[in-house]
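A short write-up of the structure that comes next.
There are 2 protein chains.
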Amino acid sequence: MDKNLKRMATMHRMQVTGLELFYKNGYYNTSVDDILKELSLSKGAFYHHYESKEDFFIEIIQNFMVRKVYSMLIEPIEGHENPATLITNCFEEALETAVHNEMDFGFLLSNFICEFNGRNQRIMKHLNDILKIWEVNLVSTLQKGKLNGYIDRHIDCEGAAVFLISSFIGIRTIMVEASPNALKYRFMSQLRQYFKSIETKQTVV
Amino acid sequence: MDKNLKRMATMHRMQVTGLELFYKNGYYNTSVDDILKELSLSKGAFYHHYESKEDFFIEIIQNFMVRKVYSMLIEPIEGHENPATLITNCFEEALETAVHNEMDFGFLLSNFICEFNGRNQRIMKHLNDILKIWEVNLVSTLQKGKLNGYIDRHIDCEGAAVFLISSFIGIRTIMVEASPNALKYRFMSQLRQYFKSIETKQTVV
DNA sequence: GCTTTTACCGACCACTCGGTTTGTAACTAT
DNA sequence: ATAGTTACAAACCGAGTGGTCGGTAAAAGC
Numbered sequence: 000m001d002k003n004l005k006r007m008a009t010m011h012r013m014q015v016t017g018l019e020l021f022y023k024n025g026y027y028n029t030s031v032d033d034i035l036k037e038l039s040l041s042k043g044a045f046y047h048h049y050e051s052k053e054d055f056f057i058e059i060i061q062n063f064m065v066r067k068v069y070s071m072l073i074e075p076i077e078g079h080e081n082p083a084t085l086i087t088n089c090f091e092e093a094l095e096t097a098v099h100n101e102m103d104f105g106f107l108l109s110n111f112i113c114e115f116n117g118r119n120q121r122i123m124k125h126l127n128d129i130l131k132i133w134e135v136n137l138v139s140t141l142q143k144g145k146l147n148g149y150i151d152r153h154i155d156c157e158g159a160a161v162f163l164i165s166s167f168i169g170i171r172t173i174m175v176e177a178s179p180n181a182l183k184y185r186f187m188s189q190l191r192q193y194f195k196s197i198e199t200k201q202t203v204v
Numbered sequence: 000m001d002k003n004l005k006r007m008a009t010m011h012r013m014q015v016t017g018l019e020l021f022y023k024n025g026y027y028n029t030s031v032d033d034i035l036k037e038l039s040l041s042k043g044a045f046y047h048h049y050e051s052k053e054d055f056f057i058e059i060i061q062n063f064m065v066r067k068v069y070s071m072l073i074e075p076i077e078g079h080e081n082p083a084t085l086i087t088n089c090f091e092e093a094l095e096t097a098v099h100n101e102m103d104f105g106f107l108l109s110n111f112i113c114e115f116n117g118r119n120q121r122i123m124k125h126l127n128d129i130l131k132i133w134e135v136n137l138v139s140t141l142q143k144g145k146l147n148g149y150i151d152r153h154i155d156c157e158g159a160a161v162f163l164i165s166s167f168i169g170i171r172t173i174m175v176e177a178s179p180n181a182l183k184y185r186f187m188s189q190l191r192q193y194f195k196s197i198e199t200k201q202t203v204v
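Sequence lines, in order, name chains A and B.
Using numbering that gives the first Met the number 0, the first residue of the first sequence is number 0, and each one after it goes up by one.
Using numbering that gives the first Met the number 0, the first residue of the second sequence is number 0, and each one after it goes up by one.
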């Protein structure tokens, strides 16, 4: 049983380092040997635990990327407050983290989507699943907000979710270079502007 | 002199095919040989005309990508009409083209930005320059719209430009898979919503 | 105590990569 | 006609690539 523990410890180490390097250099630009070198492990160790580089990556997606999206983008918007506040704060924090990350290479999920788009259906399926989960949760937060009178009832929540996802992916892409802090500030103030336009109009009492 | 013509014809053919394959498979996943095979040319031919794969790509950026961004995203928004109309129509058309493109792999510029982000400074500089040109033109269109009374004078045009660029890059990234037409429709209606919020409020006469 | 399983090593394979070198046919300038 | 230049072909190089395989030491199961 603690045999299994050792196995899992090694596999975990491989996945952590794997994700790090894949994120930094891209999937195709990171060789299995690169990962192994960092861990002082051999090819034999890798192919003892995993069938292929691709299978290895898919395990990383399911073990790490899903969780990161959950903790960074989904859990923070659960709740019954005003969706505008929830989502704005969530984005603000996600961008702030990126600004202060010395080794930021963009939004993990969209980077890989970009790399595999139209080139690797199997991996794309897994990545799109994560995107879908995010979208569904955004929609449900917005709809809850509609019921609670925060969001205008004429608003198309699916549309708003797509728009929010798009803008987030975009800003994270261009934030990598240049002056991320200025970009973040400008983006956030326009995001608030957008939210104002879909919030329920407060008729003067 | 017509010697030079032959030279330029060959180089042009290489760049056209090069861009095609780089766009389809990514820069690092396209070998020089892949391009040469398509043209029935040899390595010798390639390295006779270009110093390296990287130099070759930079020439492609300057000869083709700049022009594509101009014709697709900059020229259509030049004019003195309402920026909301100009930009909305421009995005609409750009997305429509993508929807009907059987071989769409996303937004050329942002795909490469994503691939080179934090990995190749030299190429990133050229790509960021294009992005900057686009941004500057968006800002100037918006400011012109302010002067002409179309855009609310409290709006931060730089911020709006960043927001528009972000959302466009994002929607093009997620539009590749799934149902591009539905995504386009949803995106466009939210974009109009956003523009409504930054247009000058028409006080009832 | 003996056997089996596990976790890992490291040499090796066939292949691909960007880039170099050498050779040559055709054209140009004199 | 001849000498030089241009535009390309083709073989080649060394460094990597994902993946295989035979071996081994230690632990687990009986």
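Each residue gets a CB set at the ideal place from its N, CA and C atoms; glycine is no exception.
Per DSSP, cross-strand counterpart(s) of residue i
i, result
"residue 257 of chain B", "With chain B running from 0 to 204 in the structure shown, residue 257 of chain B is simply not present."
N- and C-terminal bounds of the alpha helix (DSSP H) containing residue i
i, result
"residue 10 of chain B", "1-24"
"residue 173 of chain A", "156-173"
"residue 111 of chain B", "107-115"
DSSP state of residue i mapped onto helix, strand, coil
i, result
"residue 95 of chain B", "helix"
"residue 125 of chain A", "helix"
"residue 185 of chain B", "helix"
"residue 71 of chain A", "helix"
"residue 144 of chain B", "helix"
"residue 193 of chain B", "helix"
"residue 176 of chain A", "coil"
"residue 88 of chain A", "helix"
"residue 32 of chain B", "helix"
"residue 119 of chain B", "coil"
"residue 136 of chain B", "helix"
"residue 130 of chain B", "helix"
CB contact below 8 Å: residue i versus chain A
i, result
"residue 161 of chain B", "yes"
"residue 185 of chain B", "yes"
"residue 104 of chain B", "yes"
"residue 142 of chain B", "no"
"residue 192 of chain B", "yes"
"residue 182 of chain B", "yes"
"residue 195 of chain B", "yes"
"residue 177 of chain B", "yes"
"residue 113 of chain B", "yes"
"residue 172 of chain B", "yes"
"residue 57 of chain B", "no"
"residue 164 of chain B", "yes"
"residue 130 of chain B", "yes"
is_contact[residue i, chain B] using C-beta, thresh 8 Å
i, result
"residue 167 of chain A", "yes"
"residue 121 of chain A", "no"
"residue 0 of chain A", "Residue placement at residue 0 of chain A is flagged as unreliable, the pLDDT there being 40, under the threshold of 50; the coordinate-derived value follows with that caveat. So, not an interface residue."
"residue 27 of chain A", "yes"
"residue 150 of chain A", "no"
"residue 118 of chain A", "yes"
"residue 155 of chain A", "yes"
"residue 100 of chain A", "no"
"residue 109 of chain A", "yes"
*For the stretch 34-68 of chain B, list the alpha helix (DSSP H) runs that are entirely contained and at least 4 residues long, ordered along the chain.*
42-48, 52-59, 65-68
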